[in-house]
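One structure below.
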Amino acid sequence: MDKEKRIEIGTSSLVDLKAELHRKQQESRNLHRGSDRPTAAGTSGKSKIWSKTSTARASGKTAVWSKSNAGVERRDQRDREETEQETKDLDRSRTVLEAKAMIYDRLQTGTEALEDDSTNERFLVNFQQKAIDDVTRRRQRRQAAAEGSSAEPPPPPAASADEEWVEFTDSLGRSRTVMRRDLDEYRRRDQESRRTGDESQQPTPELMSEDQRRDQQRQIWEQQELENAAKRDIHYQDVLFNGEYPRPCYSIDRRQAACADLRGMNV
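Using my numbering, you'd call the opening residue of the sequence shown number 104 and step up by one each time.
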């Protein structure tokens, strides 16, 4: 035999080899399947054994899943009890808070705390002061709203110096905004109203006493004398006082003194 002779393997040889291997494997499987085939009696016995085993397994699985867990049940029962208790506590807290809110509103908006000091001392909140502060705030809001509605709009810008807006205060202390060109007219009216007011404030002769009437006549006479002293030529009418000769209030005392002197001389 030639040792150097080599075995040449081609593609066809590999395909034949794989086909032969597959055929042998198929025959081996068929041989094993034929030796393991049971008889009719054996088949029936194995069926009975398998059915019993399946029934036992099924019954065992059913028993495991249907078995209850005592710990889980106790925990579920405890959770349900806690939930019910929390619900009761929440309802009770809500009822108490609603009652407190009603009392708070009644004390804040009513006059119970204002009229009774003992009622106000029962609580930590000073409802008397809160009621006073509330009234003060509402009054301030009304005043602010009234001032805002009655406030005059700002005057328009002046086109010239005469149309400039200035503030004028009359003799009574009243202030108003007028144009500069009308300022003199407002001053004149104010002086006239002041003069008219002074005359109207003088007492009437019916309501004057004798001393007041005498003092008034003396003032009139002194005014006339000052005017006559400033004149160069004095007329007869100038020396009359209310249609008669001037007789001031103090001339009576002088006349009485003169009469007393004459009586003394005659004696």
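Don't be surprised by glycine CBs; every beta carbon is placed ideally from N, CA and C. Small disclaimer: the values here were computed from a predicted structure and weren't measured.
C-beta neighbour in chain D for residue i, strict 9 Å
| i | result |
| --- | --- |
| GLU266 | The chain inventory of the structure shown lacks chain D, comprising one protein chain alone. |
Endpoints, beta strand (DSSP E) assigned at residue i
| i | result |
| --- | --- |
| GLU270 | 268–272 |
| ARG277 | That residue, ARG277, is in no beta strand (DSSP E); it is neither H nor E in DSSP. |
Environment of residue i [buried if 16+ CB atoms lie within 10 Å]
| i | result |
| --- | --- |
| ALA234 | buried |
| LEU134 | exposed |
| LEU117 | exposed |
Contact belief for residue i with residue j at Cβ below 8 Å, rounded distance in angstroms
| i | j | result |
| --- | --- | --- |
| ARG284 | GLU295 | ARG284 to GLU295, Cβ: 19 Å. No contact. |
| GLU270 | SER278 | 6 Å |
Beta-carbon gap between residue i and residue j smaller than 9 Å
| i | j | result |
| --- | --- | --- |
| TYR207 | VAL175 | no |
| SER274 | ASP287 | no |
| PHE226 | LEU200 | no |
- request: Mind listing, in chain order, the continuous alpha helix (DSSP H) runs of no fewer than 4 residues lying wholly within the stretch 171–197?
  value: none
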